[in-house]
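Numbers -22 to -1, 1 to 254, taken from mature numbering (1 follows the signal peptide of the UniProt record, and there is no 0), label the letters of the sequence shown in order. Glycine is no exception: its CB is placed at the ideal position from the N, C-alpha and C atoms. Report on one structure; see the data block that follows.
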Amino acid sequence: NANHRAIKAMLLLTLLLSGVHTFPANVSSPSATSNPSLLALTAIDCPPCQPELCPLTPLCPAGWVLGRCGCCQECGNVEGQPCDLDPRGAFYGRCGRHLRCQLDPADLLHGNIPEPRCVCESQQVVCGSDGVTYENICRMEERTQHSVTVTSSGPCEAAPQIKLPPQNLVSVTGKDIIFHCEVFAFPMVTIEWWKDDHAESLPGDDPHISVQCRGGPMHYELSSWLQIETLRKHDTGIYHCVASNKFGRVMASANLTVVDEGKLGISSRFLSAGLF
């Protein structure tokens, strides 16, 4: 069961962590007297450093890191990629610039064995010199091949972007519908709903229309819903989600078609189930 899997995963994690640092932090490798066979293996793995023999290193999304032997450069692992917790390990490799290797304890909650992965040292959203907002500095360098620099912490100041526009709907008289719209922007925006060509903010004085807004689901995002209760034929039209801040205004539109239930040719049980 889930409890047994969690206990098993915890025991395996303990064994894993107990083997991460076999030697004191100030000892880089075992001495010849303590374990000659391990020293011989290390000597085979790491010959004398000859930089002129190192292979050419390509352009790396996460920058370069020194290999296990501390001689040649290699590409660092990017965010989310598996990595070696022990710096002397050579199975997955080392994390790149601005990244650290760590376990995710959340895996234990699902009974899984945590796997070490590269995590960006800073999870702060940044604005790049290209005017694009990035999740963090690691993602910025990965996607732009280090051609962009950070101009400021936080998102770039810009006109809003509609991340999730409202969708076209078909329904019948007497039913309720909801339009949904998600907007990303910094500085934050105001969201209005318009109908057809009327630049008048809903609901106005219409008691069967309501509008709600809240922050999220992500940082610097705002979600808004337009609900119409007890649909009437004249609710048919084009509804616009309008987002604006001091840098501009954007709009996304959706059609609402309202018909009599009998004319739609669809059983009311499907409508009540939310399929239309």
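- In this structure, DSSP gives ILE115 a helical state, which the three-state scheme calls helix.
- Taking the CA atoms as reference points, SER201 sits about 37 Å from CYS61.
- Bridge pairing for SER222: THR168, ARG227 [DSSP].
- In chain order, TRP172, MET229, SER231 place their CB closer than 6 Å to the CB of HIS218, counting only its own chain and leaving out the 5 sequence neighbours on each side.
- Between the alpha carbons of GLY74 and GLN145 lies a gap of roughly 41 Å.
- ILE206 counts as buried, since no fewer than 16 other beta carbons sit within 10 angstroms of its beta carbon.
- Annotation for LEU204: no alpha helix (DSSP H) segment contains it, though the beta strand (DSSP E) segment containing it runs 199 to 206.
- In this structure, DSSP gives LEU37 a state outside helix and strand, which the three-state scheme calls coil.
- In the DSSP assignment, ALA84 falls within the unbroken alpha helix (DSSP H) covering 84 to 87.
- Within the model, the alpha-carbon separation for LEU81 versus THR127 is close to 29 Å.
- The stretch 106 to 124 makes no contact with the stretch 83 to 92, as fewer than three CB pairs between them are under 8 Å.
- Distance from the CA of MET196 to the CA of PRO26, rounded to the nearest whole angstrom, comes to 51 Å.
- Around THR111, the same chain offers VAL103, CYS105, PRO133, CYS134 as residues with beta carbons nearer than 7 Å, after the five sequence neighbours per side are excluded.
- Within its own chain, the residues whose Cβ lies closer than 8 Å to the Cβ of ASP154, once the five positions on either side in sequence are excluded, are GLN205, ILE206, GLU207, THR208, LEU209, listed in chain order.
- In this structure CYS50 touches CYS32 by the C-beta definition: roughly 4 Å separates them, less than 8 Å.
- Taking PHE225 as reference, the option from PRO165, VAL148, THR35 with the minimal CA-CA separation is PRO165.
- By the Cβ-count criterion, PHE162 is buried, with 16 or more other Cβ atoms from all chains shown falling within 10 Å of its own Cβ.
- According to the DSSP assignment, ASP23 belongs to the alpha helix (DSSP H) that extends over 14 to 23.
- Per the C-alpha coordinates, the member of LEU234, ALA40, PRO29, ALA68 positioned closest to SER149 is LEU234.
- When DSSP reads this structure, SER130 sits in a beta bridge with CYS105.
- Excluding residues up to 5 positions away in sequence, PRO60, CYS61, ASP62 lie with their Cβ nearer than 6 Å to the Cβ of TYR70 in the same chain.
- GLY240 carries a helical assignment under DSSP once its states are collapsed to helix, strand and coil.
- Around the beta carbon of GLY193, fewer than 16 other beta carbons sit within 10 angstroms, so the residue counts as exposed.
- The beta carbon of ILE216 sits closer than 6 Å to those of ASP174, SER231, ASN233, all from its chain and outside the five residues before and after it, given in chain order.
- Counting along the chain, GLN59 sits inside no beta strand (DSSP E), nor does DSSP assign it H or E at all.
- Between the alpha carbons of HIS124 and ALA40 lies a distance of about 8 Å.
- Beta bridge pairing from DSSP links ILE156 with GLN205.
- Under DSSP, CYS98 takes part in a beta bridge, and its partners are LEU77.
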